[in-house]
Amino acid sequence: MKRVIPVLVLSVAGLIPVWRYEPSIGTTTSTTTTEAVSTPTPTATSSSPASSSSGSSSGSSSTPSASSKKVVQGPAINTSKGTVQVRVTFEGDKISSVSMLQQPDHPQTTAAVPVLIEETLKAQSSKIDTVSGATITSDAYVQSLQAAIDAKGA
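Counting in the working numbering, the sequence shown runs from 10 upward without gaps.
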C-alpha cells in the first residue's frame, strides 16, 4: 500500500508530457514571391554587364560567355517534409550562388541548407552527398538543382 501512491503520482507525472506533446506538422516556409512559386518548370534569365570596366585580366577567361550572368530556377519538388525549390546563379559555366526559394520548416532542414549550398559551390555540380538527418530534403534539393543546371544549358 505504501508503494501505490508514489507509483500513481510518478505515472501521472510521466504521462503529462506525452499528453501535451504536439508533433510538428510538415509545413513549409516560402521566401519567394507569388511569381516564383507559380512557375513549376525551370526558367532561365540571363543578363550581361552593361560595360566591361576590367582593364586587366586576372587569369580568368574574358570571353562574353564567361562574364555573363544567368539565373535559373529549379522546379518545386514536393516531399513528405514540404516543398523544396532552388535558384542557381551562373557566371559563365560556374555556379556562383545557390539560394533556397522554398524549404521545409524543419530544424534538420534549416541546419542542412548551408551545408548543401557549400557542397554545391565546391563540387560545381549536383553530385553532392546528402546531409545526415535531412535525407529527404537533400534528395529534393539535388533534384531541383539538377533540373536548374539542365535548364541553364537549354
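Heads up, the beta-carbon is just placed ideally off N, CA and C, and yes, glycines get one too.
Check residue 152 in the structure and name its three-state DSSP category.
-> What you label residue 152 is simply residue 143 of the sequence shown in a count that begins at 1. If DSSP states are grouped into helix, strand and coil, residue 152 belongs with the helices.
Leaving aside the five residues before and after residue 29 along the sequence, list all residues of the same chain whose C-beta is less than 6 angstroms from its C-beta, in chain order.
-> Counting from one through the sequence shown, the residue named residue 29 turns up at place 20. Correct list: empty, nothing qualifies.
So is residue 137 buried or exposed if we call it buried at 16+ other beta carbons inside 10 Å?
-> Mapped onto the sequence shown, residue 137 falls at position 128. Buried, by the Cβ-count rule.
State the start and end residues of the unbroken beta strand (DSSP E) segment that holds residue 131.
-> Within the sequence shown, residue 131 is the residue found at index 122, counting from 1. Premise fails: residue 131 lies in the alpha helix (DSSP H), 116-132, not in any beta strand (DSSP E).
What's the C-alpha gap between residue 130 and residue 161?
-> Along the sequence shown, one-based indexing puts residue 130 at 121. Along the sequence shown, one-based indexing puts residue 161 at 152. Near 16 angstroms, if we compare the C-alpha coordinates of residue 161 and residue 130.
Could you give the DSSP three-state label for residue 40: helix, strand or coil?
-> As a first step, residue 40 must be located in the sequence shown, where it is residue number 31. Here residue 40 scores only 45 on pLDDT, less than 50, and its place in the model should not be relied on; the value that follows carries that caveat. Three-state result, residue 40: coil.
Contacts around residue 118, its chain only, beta-carbon distance under 6 angstroms, and the 5 residues preceding and following it disregarded = For the purposes of this step, residue 118 is taken as the residue at position 109 of the sequence shown. So the list reads 112, 143 and 146, once near-sequence residues are dropped.
One or two residues paired with residue 89 in a DSSP bridge = The residue you call residue 89 lines up with position 80 of the sequence shown. Residue 89 pairs with nothing; no bridge assigned.
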